[in-house]
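In this note's numbering, the protein residues as written are 25 to 325. Structure record follows, encoded as structure tokens.
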């Protein structure tokens with residue numbers, strides 16, 4: 025199941041919500057969609073589902089163009105919106121049976137039971153939805169999105185408001201589901217992107233500012249500054265690093281520990297030679313990896 029988004033723009037009155045967005049996603053891929061509030065994430069997802077019509081451009085799912093007036097393409101999509109609308113007075117199994125009926129799924133009971141097992145709802149299926157914890161309500165939302173076995177799964181903030189234990193469970197569930205589906209996942213949580221996403225699309229002010237793997241996103245630091253951690257067994261001072269070419273800033277974090285901010289080239293060999301020259305025993309010498317959050321903040325500035 026491939027998804028191709030080509031030159032999508034969306035205008036609300038005088039506001040340009042999306043500005044010529046283009047990307048593609050292959051089957052079995054989890055694409056994380058990041059961006060600040062108002063970046064256009066939810067608008068993009070609504071256009072892909074066929075809920076909204078773009079002002080220009082097109083979306084194709086398995087080479088079929090999405091048309092809000094056609095139901096066939098929507099049968100290929102499972103959608104969990106951010107607010108996860110559920111009927112709180114219905115029992116879990118009753119609700120999934122209702123959804124299965126709306127999709128006209130053959131053998132509704134069998135498919136409902138399969139989906140309950142897949143999403144780990146077996147112990148809760150005879151409870152009313154309103155009596156469930158937030159984590160289990162999210163599972164019910166995922167179950168309704170998966171009930172008709174869609175090839176494309178779209179999740180808008182699926183782990184919002186969950187506690188740490190629930191986060192781990194839902195992330196693992198999404199990862200398991202993705203083995204034979206394409207998943208588009210909108211989130212604000214950087215750890216979520218690193219934990220489960222294969223690629224990351226970053227939006228800002230309706231434009232694509234990055235489309236990379238999580239590892240490559242962390243390398244897209246605009247200022248290209250490396251941060252080296254170094255620790256000695258003997259006392260040392262900031263002054264000894266002044267001879268290293270290209271050093272931008274030095275922080276002494278403890279008695280014998282330092283952070284060296286240097287240029288894009290690797291200065292660790294020079295730091296090693298410096299330690300030998302000053303008869304200092306190295307305990308630590310490594311580059312500190314840039315964080316997803318730092319790169320994200322730089323990219324949207």
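Don't be surprised by glycine CBs; every beta carbon is placed ideally from N, CA and C. Keep in mind that this is a model prediction, so the values were computed, not measured.
What did DSSP end up calling residue i once you bin it into helix, strand or coil?
| i | result |
| --- | --- |
| residue 279 | coil |
| residue 286 | strand |
| residue 329 | The structure shown does not extend to residue 329, since the chain is modelled only from 25 through 325, so no value can be given for it. |
| residue 258 | coil |
| residue 74 | coil |
| residue 30 | strand |
| residue 220 | helix |
| residue 253 | strand |
| residue 263 | helix |
| residue 272 | coil |
| residue 318 | helix |
| residue 242 | helix |
| residue 296 | helix |
| residue 325 | coil |
| residue 301 | helix |
| residue 291 | coil |
According to the neighbour-count rule (16 or more other Cβ atoms, all chains shown, within 10 Å of its Cβ), is residue i buried or exposed?
| i | result |
| --- | --- |
| residue 109 | exposed |
| residue 130 | exposed |
| residue 50 | exposed |
| residue 80 | exposed |
| residue 301 | exposed |
| residue 66 | buried |
| residue 41 | buried |
| residue 321 | exposed |
| residue 169 | buried |
| residue 160 | buried |
| residue 162 | buried |
| residue 146 | exposed |
| residue 224 | buried |
| residue 59 | buried |
| residue 246 | The pLDDT assigned to residue 246 is 47, lower than 50, so where the model puts this residue is not dependable; a value taken from the coordinates is nonetheless given after this. With fewer than 16 Cβ atoms within 10 Å of its Cβ, residue 246 is classed as exposed. |
| residue 112 | exposed |
| residue 37 | exposed |
Taking the alpha carbon of residue i as the reference point, which residue from the options has its own alpha carbon closest?
| i | options | result |
| --- | --- | --- |
| residue 253 | 94, 259, 53 and 311 | 311 |
| residue 284 | 278, 272, 49 and 293 | 272 |
| residue 28 | 39, 69 and 37 | 69 |
| residue 115 | 92, 309, 44 and 150 | 150 |
| residue 84 | 118, 67 and 47 | 47 |
| residue 257 | 238, 279 and 237 | 279 |
| residue 93 | 223, 268, 233 and 77 | 77 |
| residue 222 | 265, 231 and 203 | 203 |
| residue 142 | 189, 199 and 183 | 199 |
| residue 216 | 61, 56, 267 and 240 | 56 |
| residue 297 | 287, 281, 269 and 125 | 269 |
| residue 277 | 100, 303, 262 and 35 | 262 |
| residue 205 | 307, 308 and 176 | 176 |
| residue 291 | 307, 304 and 266 | 266 |
| residue 309 | 39, 287 and 255 | 255 |
| residue 190 | 281, 218, 201 and 158 | 158 |
| residue 229 | 319, 240, 164 and 323 | 323 |
Quick test of your reading: residue i and residue j, contact by CB under 8 Å. State the CB separation rounded to the nearest angstrom.
| i | j | result |
| --- | --- | --- |
| residue 102 | residue 45 | 22 Å between Cβ atoms; not a contact. |
| residue 227 | residue 63 | 4 Å |
| residue 197 | residue 144 | 7 Å |
| residue 104 | residue 166 | 6 Å |
| residue 156 | residue 127 | Actually they do not touch by this definition, with Cβ atoms about 22 Å apart. |
| residue 72 | residue 119 | Between residue 119 and residue 72 the Cβ distance is about 25 Å, and since that is not below 8 Å, they are no contact. |
| residue 325 | residue 43 | Not a contact, Cβ separation roughly 18 Å. |
| residue 211 | residue 181 | 6 Å |
| residue 316 | residue 251 | The Cβ separation is near 15 Å, so there is no contact. |
| residue 174 | residue 100 | 6 Å |
Fully enclosed by the segment 133-215, which alpha helix (DSSP H) runs are 4 residues long or longer? 158-170 and 188-201
Could you name each continuous beta strand (DSSP E) segment of 3 residues or more that falls completely within the segment 47-125, going from the start of the chain to the end? 54-58, 80-85 and 101-104
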